[in-house]
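To start, the structure itself, in structure tokens.
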Amino acid sequence: MSDGVRDEILDLIRRDGPITFDRFQELCLYSKNGFYSSRTRPIGTTFHTAPTTHHAFGELIAKQLDEMWRLMDEPPIFHAVEVGSGDGALARSIMHACVTRFPRFAQALRYVASDYAPVWPDESLYLEDLDALQPSTPIQRVRAEGISAFRSVHGCILSNELLDNFTVHRFEMQNGQPREIFVTAGPDGFVEVLAEPSTPRITERLAGVALPDGQHGEVSLAIEGWTDRVAKVLERGFVLTIDYGQLASDLYSAKNPNGTLRCFKDHIHSNDWYEHIGEQDITSDVDFSALMMAGERRGLASVGYSTQGDFLTHLGFDDLIEELHNSGLSAARTSLREAAMMALVDEEEMGDFKVLVQSKGMPAGIQLSGFAPK
């Protein structure tokens, strides 16, 4: 446990009283000694992501970016701004694919990898396979807390497993109404207490949602601010969001009686967010309905929404499997790489992650191959 973060939270509670879970999570993840702000190891040492599982993920995202560039009439400069780039795995695999498979697009592509606390392979130990994927086109690396540092993007703002780390307010249903879960201090650690929601925005988000008493859930109000900033920064182009999550009708249902909040530490899943303070990730499913509606209100049109498995399959996942089998590798190595690739589309692994693309300044009814196989 990071005593610095724990003590900071306890001092805040002693001074101001119970705090929202949103504030508790913010301190655990982003305070000076928090999980993300003090990170010194690649993110893959805590949990697996699609880019670190196999570079085929980045290759197929590159194919979709190439199509976006062509739909924008091939501008001489196309910015791909990845927010939450972490260890750079996605950036490196996308750039490698563009240089080798889409050379015309590679000439226009300006890739910006932005992260709150980046840890890159050349600064730390990392996977051998990724070290072999050094792109010949440079990636601009930026240390930034979010998207606000950028201006007038023509291209695509993309993120992979970013929004699930947005802080959330937690609630419990009582007498048909949400009561917010606050965090306070008890004799043996942190204690949860219920009270009226800290902001009417929580109740507004849950309007029309019928849940039984005792049901728990989460509301991320940060989605609104994120979407507002993205809409201001993106001049023309697309927003590509990949994450685990659900539509509101599924997220707030009997399928999730205890909500979707969970923790990860050293690849181990946990439901105890009051342990290992500052040393574990705290995450929850993204409300994609809220994300779409927030975008529509700010001029971001929803182009397509699907599972990651379907999205990658439509972009040519099976062709990459065929390439693997024709690569001349030994049967053992082929089998290992195929297993890693299949994790990207298997609905029991990452295949059930969701993909949302929104657009700004593009023709209505525009279609992308990731959602409409051609």
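Heads up: the sequence shown begins at 2 in our numbering, then just goes up one per residue.
Where is the CB? At the ideal position from N, CA and C, for every residue including glycine.
Keep in mind it's a predicted model, so treat the numbers as computed, not measured.
At 3 residues or longer, and completely inside the segment 30-105: list those beta strand (DSSP E) runs for me, N to C.
Listed in chain order, the beta strand (DSSP E) runs fully inside the segment 30-105 are 79-84, counting runs of at least 3 residues.
So leucine 357 and methionine 351 are supposed to be a Cβ contact under 8 Å. How far apart are they, rounded?
Here the question's residue 357 lines up with position 356 in the sequence shown. Here the question's residue 351 lines up with position 350 in the sequence shown. Not a contact, Cβ separation roughly 16 Å.
With distances taken Cα to Cα, identify the nearest neighbour of glycine 305 among Phe289, Arg142 and Asp320.
As a working note, residue 305 is residue 304 in the sequence shown. The shortest C-alpha separation from glycine 305 is found at Phe289.
Could you pull the start and end residues of the alpha helix (DSSP H) that serine 328 belongs to?
For the purposes of this step, residue 328 is identified with residue 327 of the sequence shown, where counting begins at 1. According to the DSSP assignment, serine 328 belongs to no alpha helix (DSSP H), since it is labelled neither H nor E.
Hey, which unbroken runs of the beta strand (DSSP E) at 3 residues or more fall wholly within the segment 334-373?
As far as the segment 334-373 is concerned, its whole beta strand (DSSP E) runs of at least 3 residues are 355-361.
Residue nearest to tyrosine 112 in terms of C-alpha spacing, selected from Asp88, Met343, Val143 and Arg105:
Translated into positions along the sequence shown, residue 112 becomes position 111. Among Asp88, Met343, Val143 and Arg105, the Cα nearest to that of tyrosine 112 is on Val143.
My parser needs the alpha helix (DSSP H) runs of 4 or more residues fully inside the segment 133-197; what are they?
The segment 133-197 contains no whole alpha helix (DSSP H) run of 4 or more residues.
Excluding five sequence neighbours on each side, which residues of the same chain lie with their C-beta closer than 7 Å to the C-beta of glycine 59?
Against the sequence shown, residue 59 aligns to sequence position 58. So the list reads Pro52, Leu91, Ser94, Ile95 and Ala98, once near-sequence residues are dropped.
Taking the alpha-carbon positions, what's the arginine 71 to glutamate 297 distance?
Within the sequence shown, numbered from 1, the residue matching residue 71 stands at position 70. Within the sequence shown, numbered from 1, the residue matching residue 297 stands at position 296. Their backbone Cα atoms lie some 24 Å apart in a straight line.
Segment limits, beta strand (DSSP E) that includes serine 303
As a working note, residue 303 is residue 302 in the sequence shown. It spans 302-308 - the beta strand (DSSP E) in which serine 303 sits, taken as one unbroken run.
Which residues in the same chain have their Cβ closer than 7 Å to the Cβ of glutamate 339, if we skip the five residues on either side of it in sequence?
Here residue 339 refers to the residue found at position 338 when the sequence shown is read from its first residue. Contacts found: Ile322 and Leu325.
Taking C-alpha atoms, which residue in Asp311, Glu276, Ile78 and Pro198 lies nearest to glutamine 26?
Taking the sequence shown and counting its residues from 1, one reaches residue 26 at position 25. For glutamine 26, the nearest C-alpha among the options comes from Glu276.
Taking contact to mean 3 or more Cβ pairs, one atom from each stretch, closer than 8 Å, check whether the segment 155-163 and the segment 233-243 are in contact.
yes
From the DSSP output, in three-state form, read off glutamine 281 for me.
The count along the sequence shown starts at 1 and reaches residue 281 at position 280. Glutamine 281: coil per DSSP, three-state reduction.
Residues near valine 287 by beta carbon distance below 6 Å, same chain, minus five either side
For this step, residue 287 is matched to residue 286 along the sequence shown. Hits under 6 Å: Leu164, Asp165, Asp244 and Gly246.
Which residues bound the beta strand (DSSP E) around threonine 242?
As a working note, residue 242 is residue 241 in the sequence shown. Per DSSP, threonine 242 belongs to the beta strand (DSSP E) from 235-244.
Histidine 270 burial status per 10 Å Cβ neighbour count (16 or more: buried):
Here residue 270 refers to the residue found at position 269 when the sequence shown is read from its first residue. Classification for histidine 270: exposed.
Can you name, in chain order, every residue of its own chain whose Cβ lies under 7 Å from the Cβ of glutamate 225, other than the five neighbours on each side?
As a working mapping, residue 225 is identified with position 224 in the sequence shown. Within the same chain, and ignoring the five residues on either side of glutamate 225 in sequence, the residues whose Cβ sits closer than 7 Å to its Cβ are Ala295.
Proximity to serine 149 [Cα-Cα], best of Ile203, Trp227 and Gln175
Along the sequence shown, read from residue 1 onward, the residue named residue 149 stands at position 148. Answer by Cα proximity: Trp227.
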